[in-house]
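Visitor:
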Amino acid sequence: MFTYQIEDNVVIIDFKTFKGYIRVITPSIINIADKSEIPSFAVENKDFPNCTFDVIKEKDSLLIRTNSLIVKVSDNFKVDFYNLKNEEICIDYLSENKKHLIEVTKKLKDDECIYGLGDKISFLNKRGYDYINWNTDDPSPHLETYKSLYKSIPFIICFNKKLIYGIFFDNHYKTFFDLGKTHPDYYSFGADEGHLNYYFIYGNNFTEVVKGYTFLTGRAPLPQLWTLGAHQSRWSYFTEEEVRDIANNYRKHQIPLDCIHIDIDYMDKYKVFTISNERFPTFKKMVDDLNNQGIKAVTIIDPGVKVEEGYGVYEEGIKEGYFATYGGETYVNAVWPGDSVFPSFISEKVRNWWKSKTKFLTDLGIRGIWDDMNEPASFKGPLPDDVVFPGDDRDYLHKEIHNVYGHLMAKATYDGLKEYDKKRPFVITRACYSGTQKYSIVWTGDNTSIWTHLQFQIPQLCTLGISGFPYCGTDIGGFGGDTNKELLIRWVEASCFVPFFRNHTANGTRRQEPWQFDDETLNIYRKYVVLRYSFIPYLYDLAYEIEKSGAPILRPLAFHYQDDVKTHNLNDQYLVGESILVAPIVNQGQRARMVYLPQGEWIDYWSKKVHKGDQYIIKDAPLDTLPIFIKNNSIIVQDPPYDYLDPKLRKELIIDIYGDKAKYYHYLDDGESFDYKDGKYQVYLFEVRNSVLTIERLRNNNIHYDRFIIRYKDQEFIIEDINTKTEIKL
Ligand code: MIG
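Residue numbers are given in the working numbering: position 679 of the sequence shown equals residue 1198, and the series is strictly consecutive.
Right, here's the structure in full:
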């Protein structure tokens, strides 16, 4: 039998041979650990407010009771969770045959689903599969059989139609999740190094669990408005002329565009923070000209620094001891520049140095940085586990920081852009850990131009969203291999609402800019980019919401309809916020599909036909049609058409009313600076009731539109945005 003591919000339990620590973070978030202070890369802010709880000693167990949970602790550190009605939420199973040094096994209910784990290629429900978190760059086509991808996000959400909770296993060594594969009634997670350190996150619904997880690991900050626009990329646009040509073609074909990404070949011999003068003789002028066309430029940066005498970045790093070492020598592996060395981002000194380097790019007008290869990837075999990364306090081994290498690089990049670009930093990273969302958005790495990858985009992006990464996207059209007309069209349609919208493809593949096929492709491509731009205010409102609740932009249907089991395994539809349901075509040759409409009423965006929910319908979807449904009794805000997203041009807003009773908050700010943190933003309340629309500014300041265009049934009204509560008879 054990003894215990309470210190602030921690119950320390002495099991004689070891101690267990149960920290009550909030009434519904409990931390279970084998040590009192465990450093974390994900949970940066540990100043949790005090929270009251009772501890009751029973015969064989200890009950910790909060306002929403009962935690029951028994011998051998068995920890069970009950709600206040004494229903089992999550029950430990003390397994005799553990596979890992640290391992926790929990019971699964019959109808329980498991979502989560970030970018892994799979359907939404991962029950029955096992995974490994070890950031991996594997260039062959990613399939369901993959155990690891680029990202490590050791967070799962377990739910059935009544109960829901999350588990965040904050261990950044290699971690293992067996989600009912070995035994159908149990799941387990573990590691062979680091600590037992997990958080149990309870909630009444998905929203609360994701809110709890992002309360711990942080929320993706509000992005600049333009980053939600369309991006075009290719590995690579090799010359200045090629980049200009892309911009001109977009403008010529009247397809909105906000950003061009410049891949590795802009550098001189792949040396980071250099420019090839041969291929980009007037790089800055090119970037300025793009800016004048309303197009931002983003450059890729890899962590590997070329070994070359006389190359400043290399020489400085060597002189200061900033690179990883092995056997006392600087560790060398090969990446794009050939022999390369790896900055030790675990050191703040190194991060500050890297941060200072980003000025080279911002001085050239670059507005965002794309961090690639930061698993870290290497061409001459993986880095040995015991490569040393010098830190400020001690040395760290590769196996310890592998999964946070991308996280730390992204953080340094974020700090650089914040200081030199001065706007809300736009960083894109391939590798990351839980919590990286505070610094960077993500894309899913090297997918392939195959229908399977278009199909997986939906569960993959929905999963990233509920795992803390709302700003995510895949390479539209597919990266590896040649795309084709139909695949590209369906990919653009399926991505119409995807937060990070970028067409990108690999070196040597068929070109896939919108005009590379025929007029039909061009027209449909344009139709969906234009449509996306019209929904930008709605997406930006969701972005504002993310800072407050962590609720993602793309949501699996179970997010809002957990009590409806028909949503639990729905992998080919998603919600955008609460009011838009999208059901893309993700199969070749398909021209109609079944759509599940959950409870309520849903209005076909194209035909305006009203459908009852709680049923499956068949929707025709010729090549140019993306099935979109709007939840009845919603207000959808939209923009008039723009070629690019300049917040200064935004003078009018479209208020599109569906149904007769709706309430909607709309957010407006300068779209780029941090001024909103000082209160420089507006929130409007739009409300429809009894055939009257009320418009009200909730904040007393001078931030506003010039006019509103109101659409209701077949009517359209234009009214001025005035600073008093206005009532409009519909
Ligand atoms: O080894 O920079 O995922 O988006 O185009 C390939 C070239 C390196 C991998 C990235 C991809 C990028 C490519 N990079």
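Idealized CB from N, CA, C, for every residue including glycine.
1) Terminal residues of the continuous beta strand (DSSP E) containing Glu835?
2) Count the other C-beta atoms from every protein chain shown that fall within 10 angstroms of the C-beta of Asn852, then say buried if there are 16 or more, exposed otherwise.
3) Which residue's Cα is closest to the Cα of Lys645: Thr971, Asp1179, His1087 and Gln1118?
4) Relative to the C-alpha of Tyr669, which candidate in Ile837, Cys677, Ser659 and Asn652 has its C-alpha closest?
5) Are the CB atoms of Arg1226 and Lys1170 within a distance shorter than 9 Å?
6) How many Å lie between Thr948 and Lys1199 at the Cα?
7) Output yes or no for whether 9 Å exceeds the beta carbon distance between Asp579 and Asp594.
8) Cutting at 7 Å between CB atoms, please list the residues of its own chain near Asp904, excluding the five before and the five after it.
9) Leaving out five residues before and five after Tyr684 in sequence, what residues of the same chain have Cβ atoms less than 8 Å from its Cβ?
10) Just to confirm, are Phe945 and Arg886 a CB contact at a threshold of 9 Å?
11) Just checking Ala1025 against the ligand MIG - is the residue's beta carbon closer than 8 Å to any of the ligand's heavy atoms?
12) Is any heavy atom of the ligand MIG found at a distance shorter than 8 Å from the C-beta of Pro856?
13) So which of Ala929, Tyr830, Leu883 and Thr881 has the shortest CA-CA distance to Phe864?
14) Taking the beta strand (DSSP E) that Glu607 belongs to, which residues open and close that run?
15) Using 8 Å as the Cβ pair cut-off and three pairs as the minimum, do the stretch 565-576 and the stretch 741-750 touch?
16) If you drop the 5 nearest sequence neighbours on each side, which residues of the same chain put their C-beta closer than 8 Å to that of His714?
17) Taking the continuous beta strand (DSSP E) assigned at Lys625, which residues delimit it?
18) So, with DSSP's three-state summary, where would you put Trp754?
19) Under 9 Å between the Cβ atoms of Tyr717 and Ile672?
20) May I ask you to check if the CB of Arg949 is nearer than 8 Å to at least one heavy atom of the ligand MIG?
21) Based on DSSP bridge pairs, tell me the residues matched to Ser580.
22) Rounded to a whole number of angstroms, what is the C-alpha to C-alpha distance between Lys803 and Thr881?
23) Using the beta-carbon count (16 or more within 10 Å), is Tyr1135 buried or exposed?
24) Of all the options Phe674, Phe534, Gly1000 and Asn569, which has the alpha carbon lying nearest to the alpha carbon of Phe696?
25) Does DSSP put Asp573 in a helix, in a strand, or in coil?
26) CB-CB under 6 Å to Trp1010, same chain, minus the five flanking residues each way: which ones, in chain order?
27) Can you give me the C-alpha to C-alpha distance between Pro978 and Ile1155, rounded to a whole angstrom?
28) When the Cα atoms are used, what is the spatial distance from Phe1019 to Thr746?
29) Going by DSSP, name the residue or residues bridged to Gly887.
30) Just verifying my parser: in three-state terms, what is the DSSP assignment at Trp1121?
31) Can you name, in chain order, every residue of its own chain whose Cβ lies under 6 Å from the Cβ of Tyr769, other than the five neighbours on each side?
32) To which residues of the same chain is Ile1173 closer than 6 Å at the C-beta, ignoring the five residues directly before and after it?
33) For Val1101 and Lys838, what's the separation of their Cα atoms in angstroms?
34) Measure from the alpha carbon of Asp782 to the alpha carbon of each residue in Glu1239, Asp1165, Tyr1177 and His1023, then state which is nearest.
35) May I ask whether a heavy atom of the ligand MIG can be found less than 8 Å away from the beta carbon of Pro546?
36) Give the C-beta separation of Leu741 and Leu1164 to the nearest angstrom, bearing in mind that I take them to be a contact with Cβ-Cβ under 8 Å.
Guide: From the atom records:
1) Here Glu835 belongs to no beta strand (DSSP E); instead the alpha helix (DSSP H) covers Gly831 to Glu839.
2) buried
3) His1087
4) Asn652
5) yes
6) 29 Å
7) yes
8) Leu916, His917 and Lys918
9) Phe600, Ile608, Cys609, Ile676, Cys677, Phe678, Phe719, Ile720, Tyr721, Gly722 and Val728
10) yes
11) yes
12) no
13) Ala929
14) Glu607 to Cys609
15) no
16) Ala552, Asp553, Lys554, Ile557, Ile621 and Asn690
17) Ile621 to Lys626
18) coil
19) no
20) yes
21) Ser593
22) 10 Å
23) exposed
24) Phe674
25) strand
26) Leu973, Ile995 and Gly996
27) 25 Å
28) 7 Å
29) Val817
30) strand
31) Leu776
32) Gln1157 and Ile1228
33) 54 Å
34) His1023
35) no
36) With a Cβ gap of about 14 Å, Leu741 and Leu1164 do not count as contacting.
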